[in-house]
Structure formats: C-alpha cells, structure tokens
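Chains as they are written, first to last, in this note's numbering: chain D, 1095 to 1209; chain P, 230 to 342.
Where a beta carbon is used, it is the ideal one built from N, C-alpha and C, also for glycine.
Shown next, in the form of structure tokens:
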C-alpha cells in the first residue's frame, strides 16, 4: 500500500513569490492535514481538510491556503513568501472525522527554502 | 487549549541502556495521547497511542508509555536502546476526533556505542 506522497521534495523560492505543495493521501483516507516544521518551532498545525472542506485552521495568516480535490489529494499554497516560511511542510492523512482519532500517517515532507 | 511539554531537548544514552522520554500535557478533558518518531529526512511515524483503558500501552519497536492522569504525564520508555533508535521523538495530544494534534517541541535522542 502506498503511503502519503508529497511533491516536490525540495523547493527554492525567493521572497514575494508563491509556492505550491502537493499531497496525495493513502488510498481510502479522506482527511488531509498540513503541518509546518520550522527550525526551533516544532510542528505547527496549519490546515485540516476532510471530504473537500476545510475543517480547521491553525494560527497562520491568510496567505497560507489550500484545497482538497475530489480524489482527496490536496494542495498547500503559500503566497507572498517570507524568509520565515522556510520550513519542512508535512502532509498527513487519516480516515476522517470518526474513528481515526489522531492516528496520522505522514509523508516525508516538502522542504521549502525562501531566499 | 491543549499543550504539550517535552522538557528534554536532547538526550544521550548508551546502546543497551534503558530510556525514558518525558512528556507532560495540558488538556481539560480526557486526552488522546500519542508518541511519534521522526528519523532524519523522514516523516513522522506513530509509535503508540493512548485513548482509554489500560494506562500502560505498548507500541512498535519495543516502546511503551504510561499514562498518569495525576501527573498529566505520558512518558515513553524502552528497556534497551538500539543505535537505530536515534531519532527525534514527539509527544502529541489530540481531541476526541484527533484533528489538530498539538505536538511537543520534540526530544532528540542520541545513542552512543
């Protein structure tokens, strides 16, 4: 069974540009979560999508946005990039609202570097 | 709001020695508690979880954790550490539905031979 896959593995952008990160959940999983892992800041919850809807959002500015497609894959968009957006962005998936209760399956992440 | 504290940023143990990683949580209701491990360049892998019932839970790779409500703790233990256990370990607390897990800052485990 394929795990959570993320692309690209690495991405280098300059300040002010936009970045798009992609995530494919495990087959059968309907929920996708995005976390930011910045140096020294640990894992910070960004977004949770389930069945195509945004269910919850962390304490991040609106320039962090995303969506979930009908096949449950997801995109994370970061507009107007700032230096402090440099981080590892982790995507995770599970079976959704009921029953999965926090057992997240993580991808290996996308490393975003903003110069 | 939930929060998780992992007091130790780094821990170094000798191969074969026992290990205990500390985790304290803050949550008003019955917590859902997790330990995840992250090897260098990898995503996070679930080691074990506690939802209810027996307060001593067994996980993968020989790890176990004990939930102590009176101390708001969920410490991770392993009786004999292997060099391959070197990684970063994260404790996390979740709500009933588990969305928006709150993670601790992590503890980096180094294993010396």
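is_contact[residue i, chain D] using C-beta, thresh 9 Å
i                      : result
residue 334 of chain P : yes
residue 270 of chain P : yes
residue 276 of chain P : no
residue 263 of chain P : yes
residue 329 of chain P : yes
residue 273 of chain P : yes
residue 319 of chain P : yes
Residue-level contact to chain P via CB, residue i, 9 Å cutoff
i                       : result
residue 1169 of chain D : no
residue 1146 of chain D : no
residue 1142 of chain D : yes
residue 1202 of chain D : yes
residue 1199 of chain D : yes
residue 1098 of chain D : yes
residue 1122 of chain D : no
residue 1139 of chain D : yes
Assigned exposure category for residue i - 16 Cβ within 10 Å defines buried
i                       : result
residue 312 of chain P  : exposed
residue 290 of chain P  : exposed
residue 1113 of chain D : buried
residue 307 of chain P  : buried
residue 267 of chain P  : buried
residue 342 of chain P  : exposed
residue 259 of chain P  : exposed
residue 316 of chain P  : buried
residue 332 of chain P  : buried
residue 230 of chain P  : exposed
residue 1153 of chain D : exposed
Rounded Cβ spacing between residue i and residue j (contact assumed at less than 8 Å)
i                       : j                       : result
residue 288 of chain P  : residue 273 of chain P  : With 8 Å as the limit, residue 288 of chain P and residue 273 of chain P do not qualify as a contact, their Cβ atoms being about 14 Å apart.
residue 1204 of chain D : residue 1115 of chain D : 5 Å
Residue nearest to residue i in terms of C-alpha spacing, selected from the options
i                       : options                           : result
residue 1183 of chain D : D:1135, D:1162, D:1198 and D:1206 : D:1206
residue 1144 of chain D : D:1103, D:1107, D:1105 and D:1186 : D:1186
residue 184 of chain P  : P:236, P:260, P:256 and P:331     : Nothing can be reported for residue 184 of chain P, as the shown portion of chain P is limited to 230 through 342.
residue 1200 of chain D : D:1129, D:1102 and D:1103         : D:1129
residue 1176 of chain D : D:1102, D:1104 and D:1111         : D:1111
residue 1099 of chain D : D:1166, D:1137 and D:1135         : D:1166
residue 298 of chain P  : P:292, P:309, P:281 and P:275     : P:281
residue 1123 of chain D : D:1178, D:1162, D:1151 and D:1174 : D:1162
residue 1097 of chain D : P:334, P:271, P:285 and P:286     : P:271
residue 1103 of chain D : D:1202, D:1156 and D:1208         : D:1202
residue 1121 of chain D : D:1189, D:1140, D:1170 and D:1159 : D:1189
Cβ-heavy atom distance, residue i to the ligand SAM, below 8 Å
i                      : result
residue 323 of chain P : With respect to the ligand SAM, the structure shown offers nothing to examine, as it has no ligands at all.
Any beta strand (DSSP E) of 3 or more consecutive residues that is wholly inside the segment 237-308 of chain P:
239-243, 248-250, 253-255, 261-267, 273-279, 285-287, 293-297 and 302-307
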